[in-house]
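Peer 1: Residue numbers (my numbering), protein chains in the order written: chain A, 1 to 360; chain P, 1 to 360.
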């Protein structure tokens with residue numbers, strides 16, 4: 001069986017060190033050890049310390065583990081919203097967070113935009129913006145990235161609202177000042193290059209205060225994964241339930257690997273690779289970037305409109321062992337999506353570009 | 001590093017085929033493939049088919065995946081209880097399910113008993129037993145197992161209530177007639193011998209009807225992991241979120257391995273091993289079974305009272321590479337807990353018994 005390279009936007013190629021870390025975990029019999037014992041607690045602590053350093057996390061933030069980013073949508077609404085939330089909807093994933101709030105009975109406001117663009121914080125109704133404003137930094141379905149200046153502007157304009165930022169497919173590339181937002185979250189099967197099944201939720205003390213206030217008003221915050229329960233357990237480097245221990249172990253190791261490589265270096269390489277990808281699809285006879293306005297273009301998920309049916313493009317690349325994603329939802333046949341994550345080397349992207357240039 | 005054998009009651013020793021299956025999954029690059037693609041859907045379908053065969057699951061049951069059994073407690077209450085639930089509480093884990101119902105604002109009734117024994121269904125207040133009766137078949141904290149005849153008796157007495165059975169640490173050994181209950185659930189890090197981070201939830205159509213009725217009354221069932229959402233996605237062999245794909249892959253393979261070995265054989269071996277363990281602790285100068293009434297004794301988690309401090313026992317066994325659990329909660333120092341799961345061979349249990357006999 002020949003080995004493929006996965007440029008799909010999540011799940012994606014495993015970070016290149018993951019296989020060795022899994023083998024080491026098995027050798028140490030880590031999955032058999034108690035999640036209440038010292039080896040797991042040390043692993044939890046080390047993971048949190050690595051993430052604090054890598055992502056420059058302020059001390060008033062807690063780092064919590066859930067099973068997915070999808071779960072975090074539910075937990076944010078349950079724990080941080082009494083009545084109203086505002087969602088800047090740039091595509092299918094930000095739409096699902098909005099829908100989560102609706103499904104939980106909240107008065108959710110959607111600020112929409114044409115797909116391939118980004119909604120404007122200026123359209124937010126100030127009457128609605130008292131509790132939570134939700135941004136999706138990088139919309140994996142369309143390749144549109146919200147400029148972080150928009151996020152900071154919303155903070156200035158609505159200082160009382162909690163600002164939540166979905167960084168699922170842009171972390172650790174995105175350089176966000178966490179002092180100017182209140183909670184960010186991601187899952188690990190994208191740029192961290194880990195097997196799926198783990199969500200990472202960073203929340204500051206303002207979110208905790210909000211959760212406590214809601215609880216005092218008699219609202220139900222959930223049970224084992226309420227913010228107070230998660231934060232209490234995290235205080236002793238534990239989780240309320242038996243968690244995806246192997247996932248946390250691998251996140252520990254890969255965040256350490258990324259620290260050793262250096263985030264500046266990862267960011268520089270990401271920009272080199274994205275420049276090459278956008279140049280290639282702009283110059284290509286059959287492709288063009290879906291996101292027209294370059295200030296909205298994602299550096300980590302590059303989406304191309306294709307005149308050739310996307311399945312044909314996928315098949316041609318696949319025959320060379322290069323796996324890219326088709327379009328999302330209604331764009332399935334008209335788009336291809338290419339992940340440009342930390343694990344994708346310059347050489348791999350150059351190889352992909354060579355093959356893209358042979359198409360059409 | 002010398003290899004230990006983990007007899008801890010979860011996480012526990014990995015099923016003996018797991019390492020090879022993980023290596024194969026990595027070779028196939030399974031974790032990089034889309035959870036919306038055919039390879040994952042085939043894996044989901046195969047897992048469900050294996051579990052249906054292994055556990056003799058009736059056709060009116062759905063098989064669903066969550067992140068833990070702890071999560072399933074929350075989802076059962078959200079989806080199947082409007083006002084009242086009844087909980088037979090035999091120890092710390094059944095207590096936590098009861099507490100989950102309380103935390104979600106329900107009028108939960110607790111039928112308690114002395115630890116090391118089992119609560120009686122005869123103590124259930126018929127006024128409370130209209131919606132859900134929750135049994136914990138095997139209380140991992142004390143080693144007490146509820147006789148399945150009690151469960152069937154409650155069904156006869158309260159035919160309108162849904163019967164939920166926690167089989168976390170007794171599946172696949174427990175031989176439960178699923179036509180006489182409505183939902184069972186477990187996590188995979190116990191007798192299935194998998195890395196933690198996956199819950200398996202079996203629900204019949206009566207549970208679905210209840211969830212639909214609650215929804216029509218305007219209750220919130222949750223969002224991505226509401227029963228209707230899980231069942232809808234499972235209909236096309238998918239999950240609402242990106243799940244623990246590797247966990248599902250391994251469950252597929254290990255349930256196939258168990259089918260090939262045969263559940264009758266696994267059950268016979270379990271009983272041989274438990275007989276040996278109980279005989280050993282009954283005859284031992286320093287140990288005796290915590291569960292006095294043999295009809296309440298678990299076959300899969302054997303708990304011994306120890307006159308020697310449990311840490312000392314654990315240390316002595318550990319020096320031989322044999323890892324057993326200490327007591328749970330307040331029994332930490334007075335008990336040891338020994339898992340007797342499908343992966344523990346007769347030879348391993350005999351080795352443990354030899355060492356137990358050298359203690360004291």
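We treat Cβ as the ideally placed atom computed from N, Cα and C, and that holds for glycine.
When you compare the stretch 21 to 41 of chain P with the stretch 212 to 225 of chain P, are there three or more beta-carbon pairs, one atom per stretch, that lie closer than 8 Å?
Peer 2: no
Peer 1: Quick one: using the 10 Å Cβ neighbour count with 16 as the cut-off for buried, is residue 173(P) buried or exposed?
Peer 2: What you label residue 173(P) is simply residue 173 of the second chain in a count that begins at 1. Buried, by the Cβ-count rule.
Peer 1: Taking 9 Å as the threshold (beta carbon to beta carbon), is residue 245(P) in contact with chain A?
Peer 2: Here residue 245(P) refers to the residue found at position 245 when the second chain is read from its first residue. For residue 245(P), the answer is yes, since a Cβ of chain A falls inside 9 Å of its Cβ.
Peer 1: Measuring straight from C-alpha to C-alpha, what distance separates residue 286(P) and residue 13(P)?
Peer 2: Taking the first residue of the second chain as position 1, residue 286(P) is located at position 286. Taking the first residue of the second chain as position 1, residue 13(P) is located at position 13. Residue 286(P) and residue 13(P): Cα-Cα distance of roughly 26 Å.
Peer 1: By alpha-carbon positions, which one of 84(P), 60(P) and 224(P) ends up nearest to residue 180(P)?
Peer 2: In the second chain, counting from the first residue as 1, residue 180(P) sits at position 180. Measuring from the Cα of residue 180(P), the nearest candidate turns out to be 60(P).
Peer 1: State yes or no: is the C-beta of residue 165(A) within less than 9 Å of the C-beta of residue 64(A)?
Peer 2: Against the first chain, residue 165(A) aligns to sequence position 165. Against the first chain, residue 64(A) aligns to sequence position 64. No, these two residues do not count as a Cβ contact at 9 Å.
Peer 1: Does DSSP put residue 233(P) in a helix, a strand or coil?
Peer 2: On the second chain, position 233 is the one that residue 233(P) refers to. DSSP places residue 233(P) in helix when its eight states are reduced to three.
Peer 1: Nearest by alpha-carbon distance to residue 129(P): which of 241(P), 157(P), 149(P) and 356(P) is it?
Peer 2: Along the second chain, read from residue 1 onward, the residue named residue 129(P) stands at position 129. The option with the nearest alpha carbon to residue 129(P) is 157(P).
Peer 1: Quick one: which residues of the stretch 105 to 117 of chain A get their C-beta closer than 9 Å to a C-beta of chain P? List them in chain order.
Peer 2: 105
Peer 1: Would you identify the three-state DSSP class for residue 92(A), choosing helix, strand or coil?
Peer 2: Within the first chain, residue 92(A) is the residue found at index 92, counting from 1. Three-state DSSP puts residue 92(A) in a helix.
Peer 1: Just reading off the alpha helix (DSSP H) that residue 44(P) is part of, what are its end residues?
Peer 2: Locating residue 44(P) in the second chain gives position 44, where the first residue counts as 1. Here the alpha helix (DSSP H) through residue 44(P) covers 38 to 54.
Peer 1: Per the contact definition of three or more C-beta pairs closer than 8 Å, is the stretch 223 to 241 of chain A in contact with the stretch 224 to 233 of chain P?
Peer 2: no
Peer 1: If I follow the unbroken beta strand (DSSP E) through residue 314(A), where does it start and stop?
Peer 2: Position 314 of the first chain holds residue 314(A). Careful: residue 314(A) lies outside any beta strand (DSSP E), inside the alpha helix (DSSP H) at 310 to 318.
Peer 1: So with CB distances below 9 Å, who are the chain A contacts of residue 220(P)?
Peer 2: Mapped onto the second chain, residue 220(P) falls at position 220. For a Cβ distance threshold of 9 Å, residue set 103, 104 and 105 of chain A lies close to residue 220(P), ordered along the chain.
Peer 1: Taking only the alpha-carbon atoms, compute the straight-line gap between residue 310(P) and residue 334(P) and give it to the nearest angstrom.
Peer 2: Working through the second chain from its first residue, we reach residue 310(P) at position 310. Working through the second chain from its first residue, we reach residue 334(P) at position 334. Taking the straight line joining both Cα atoms gives about 6 Å.
Peer 1: Am I right that residue 339(P) and residue 301(P) are in contact with their C-beta atoms under 8 Å? What's the rounded C-beta distance?
Peer 2: As a first step, residue 339(P) must be located in the second chain, where it is residue number 339. As a first step, residue 301(P) must be located in the second chain, where it is residue number 301. With a Cβ gap of about 6 Å, residue 339(P) and residue 301(P) count as contacting.
Peer 1: Beta carbon of residue 203(P), beta carbon of residue 182(P): below 9 Å?
Peer 2: Translated into the one-based positions of the second chain, residue 203(P) becomes position 203. Translated into the one-based positions of the second chain, residue 182(P) becomes position 182. Between residue 203(P) and residue 182(P), the C-beta gap is smaller than 9 Å, which places the two residues in contact.
Peer 1: Compute the Euclidean distance between the alpha carbons of residue 360(P) and residue 316(P), then round it to the nearest angstrom.
Peer 2: In the second chain, residue 360(P) corresponds to position 360, counting from 1. In the second chain, residue 316(P) corresponds to position 316, counting from 1. Answer to the nearest angstrom: the Cα atoms are 10 Å apart.
Peer 1: Determine the DSSP secondary structure at residue 163(A), reduced to helix, strand or coil.
Peer 2: Along the first chain, one-based indexing puts residue 163(A) at 163. Three-state DSSP puts residue 163(A) in a strand.
Peer 1: Within the same chain, show all residues whose beta-carbon is closer than 7 Å to that of residue 116(P), passing over the 5 residues directly before and after it, in chain order.
Peer 2: Within the second chain, the letter at position 116 stands for residue 116(P). Cβ neighbours of residue 116(P) beyond the five flanking positions: 142, 144, 290, 291 and 292.
Peer 1: Could you run through the stretch 10 to 31 of chain P and flag, in chain order, every residue whose CB is less than 9 Å away from some CB of chain A?
Peer 2: Correct list: 10, 11, 12, 13, 14, 18, 19, 22, 23, 25, 26, 27, 28, 29, 30 and 31.
Peer 1: Grab me the residues of residue 281(P)'s own chain with a C-beta within less than 8 Å of its C-beta, minus the 5 sequence neighbours each way, in chain order.
Peer 2: What you label residue 281(P) is simply residue 281 of the second chain in a count that begins at 1. Hits under 8 Å: 287, 288, 289, 302, 304 and 356.
Peer 1: Please report whether the beta-carbon of residue 185(A) lies at a distance below 9 Å from any beta-carbon of chain P.
Peer 2: As a first step, residue 185(A) is located in the first chain; it is residue number 185 there, counting from the start. No, residue 185(A) does not count as interfacial toward chain P.
Peer 1: DSSP three-state label for residue 5(A), please.
Peer 2: One-based indexing of the first chain puts residue 5(A) at position 5. Reduced to three states, the DSSP call for residue 5(A) is strand.
Peer 1: Run through DSSP, which three-state label would residue 238(P) get?
Peer 2: Here the question's residue 238(P) lines up with position 238 in the second chain. It is coil, neither helix nor strand.
Peer 1: Give the single residue among 324(P), 152(P), 77(P) and 345(P) whose Cα lies nearest to the Cα of residue 271(P).
Peer 2: As a position in the second chain, residue 271(P) is number 271, starting the count at 1. When only C-alpha atoms are compared, the closest one is 345(P).
Peer 1: Output, in chain order, the set of chain P residues within a Cβ distance shorter than 9 Å of residue 82(A).
Peer 2: As a working mapping, residue 82(A) is identified with position 82 in the first chain. Going along chain P, no residue has its Cβ under 9 Å from residue 82(A), so there is no contact; the nearest lies around 14 Å.
Peer 1: Taking the beta carbon of residue 125(P) as the centre, do at least 16 other beta carbons fall within 10 Å, making it buried, or is it exposed?
Peer 2: Sequence index remark: in the second chain, residue 125(P) carries index 125 (1-based). Residue 125(P) should be labelled exposed.
Peer 1: Under 9 Å, Cβ to Cβ, is there at least one residue of chain P near residue 4(A)?
Peer 2: Stepping through the first chain from its first residue, residue 4(A) is reached at position 4. Judged by the 9 Å Cβ criterion, residue 4(A) is in contact with chain P.
Peer 1: Measure how close the beta-carbons of residue 58(P) and residue 337(P) come, nearest whole angstrom, since I'm counting them as under 8 Å.
Peer 2: If you number the second chain from 1, residue 58(P) lands on position 58. If you number the second chain from 1, residue 337(P) lands on position 337. The Cβ separation is near 33 Å, so there is no contact.
Peer 1: Can you tell me where the alpha helix (DSSP H) with residue 209(A) in it begins and where it stops?
Peer 2: As a first step, residue 209(A) must be located in the first chain, where it is residue number 209. Note, residue 209(A): alpha helix (DSSP H), 205 to 216.
Peer 1: Near residue 170(P), what residues of its chain come up, given a Cβ to Cβ distance below 6 Å and the 5 sequence neighbours on each side ignored?
Peer 2: The sequence position of residue 170(P) within the second chain is 170, counting from 1. Closer than 6 Å at the Cβ level, and outside the excluded window around residue 170(P), lie 137, 138 and 300.
Peer 1: Mind checking residue 358(P): buried by the 16 CB within 10 Å criterion, or exposed?
Peer 2: Position 358 of the second chain holds residue 358(P). Label assigned to residue 358(P): exposed.
Peer 1: Between which two residues does the beta strand (DSSP E) carrying residue 115(A) extend?
Peer 2: Taking the first chain and counting its residues from 1, the one referred to as residue 115(A) is at position 115. Counting along the chain, residue 115(A) falls outside any beta strand (DSSP E), and DSSP gives it neither H nor E.
Peer 1: Quick check on residue 27(P): buried or exposed, where buried means 16 or more other Cβ atoms within 10 Å of its Cβ?
Peer 2: Taking the first residue of the second chain as 1, we reach residue 27(P) at position 27. Residue 27(P) should be labelled exposed.
Peer 1: From residue 220(P) to residue 105(A), what does the alpha carbon distance come to, in whole angstroms?
Peer 2: Sequence index remark: in the second chain, residue 220(P) carries index 220 (1-based). Sequence index remark: in the first chain, residue 105(A) carries index 105 (1-based). Separation of residue 220(P) and residue 105(A) (C-alpha to C-alpha, rounded to the nearest whole angstrom) is 8 Å.
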